[in-house]
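Novice: Mind looking over this structure? Questions follow.
Residue numbers (the UniProt record's numbering): 1 to 205.
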């Protein structure tokens, strides 16, 4: 299955927006939305609630400071899947680190973040999508297929499984409308644009 460049650029732009919010990169977030046409901006319902000072405060309280308001943004914080042992979860993390190294993705190290932070996982999607664009432009379909597999593996094995539990915690602790709407949007985006999309089909190398 060959992806068209328009689709790839669209998914890359979406992944960049999601990454900027998870990592609290508000300069990048504002740059993206300032350049975005109004007819596209309306498709991001959380943006109408954006107030930088307020969002920064609650983003830090919810995702960075352990305490009553904390909602963990880490894959490893959430319960094991049915039938999964603790060693399996450790193996998942080792596989994740190995996948990052295999693709030369050193963003977590550069930003001093744990690799299983949802912001880093989403940044990996951005990185892989950018490489897919380059591969599509040079008609390297074999490598493009491998990159699609990497993208699917991260979305399916590391992001999607934790979202229901994360949303449950968020519904209990988060009242800021920007963050509430963003998390719901993120859940839908991962499900619709990655998990259920035909582009998530495994490609044989």
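Here a beta-carbon is modelled for each residue, glycine too, at the ideal position from N, C-alpha and C.
List the residues that DSSP assigns as beta-bridge partners of residue 74.
Specialist: The residue labelled residue 74 in the question sits at position 74 within the chain shown. Bridge partners of residue 74: 117.
Novice: Quick check on residue 52: buried or exposed, where buried means 16 or more other Cβ atoms within 10 Å of its Cβ?
Specialist: In the chain shown, counting from the first residue as 1, residue 52 sits at position 52. Exposed, by the Cβ-count rule.
Novice: With C-beta atoms as the reference, is residue 46 less than 8 Å away from residue 185?
Specialist: By one-based count along the chain shown, residue 46 stands at place 46. By one-based count along the chain shown, residue 185 stands at place 185. In contact: residue 46 and residue 185 (Cβ atoms closer than 8 Å).
Novice: Alpha carbon to alpha carbon, how far is residue 29 from residue 57?
Specialist: Walking along the chain shown from the start, residue 29 turns up at place 29. Walking along the chain shown from the start, residue 57 turns up at place 57. Between residue 29 and residue 57, the C-alpha separation is close to 16 Å.
Novice: Go ahead and pull the three-state DSSP assignment for residue 10.
Specialist: Numbered from its first residue, the chain shown carries residue 10 at position 10. Residue 10 falls in the helix class under three-state DSSP.
Novice: Can residue 126 and residue 4 be called in contact, C-beta distance under 8 Å?
Specialist: If you number the chain shown from 1, residue 126 lands on position 126. If you number the chain shown from 1, residue 4 lands on position 4. No.
Novice: Which residue from 195, 197 and 166 puts its Cα closest to that of residue 182?
Specialist: Against the chain shown, residue 182 aligns to sequence position 182. Taking only the C-alpha atoms, the option nearest residue 182 is 166.
Novice: If you draw a straight line from the C-alpha of residue 111 to the C-alpha of residue 98, how long is it?
Specialist: The residue you call residue 111 lines up with position 111 of the chain shown. The residue you call residue 98 lines up with position 98 of the chain shown. Distance between the alpha carbons of residue 111 and residue 98 is about 18 Å.
Novice: Quick check on the DSSP output: the alpha helix (DSSP H) that includes residue 156 runs from which residue to which?
Specialist: Working through the chain shown from its first residue, we reach residue 156 at position 156. Here residue 156 belongs to no alpha helix (DSSP H), and DSSP marks it neither H nor E.
Novice: Starting from the C-beta of residue 131, find all residues in its chain whose C-beta is less than 7 Å away, skip the five residues before and the five after it, and write them out in chain order.
Specialist: Position 131 of the chain shown, counted from the first residue, corresponds to residue 131. Closer than 7 Å at the Cβ level, and outside the excluded window around residue 131, lie 147.
Novice: For residue 18, count neighbouring Cβ atoms within 10 angstroms of its own Cβ and tell me buried if that reaches 16, exposed if not.
Specialist: What you label residue 18 is simply residue 18 of the chain shown in a count that begins at 1. Under this definition residue 18 is a buried residue.
Novice: Give the straight-line distance between the Cα atoms of residue 103 and residue 155, rounded to the nearest whole angstrom.
Specialist: Locating residue 103 in the chain shown gives position 103, where the first residue counts as 1. Locating residue 155 in the chain shown gives position 155, where the first residue counts as 1. Going by the C-alpha atoms only, they are around 16 Å apart.
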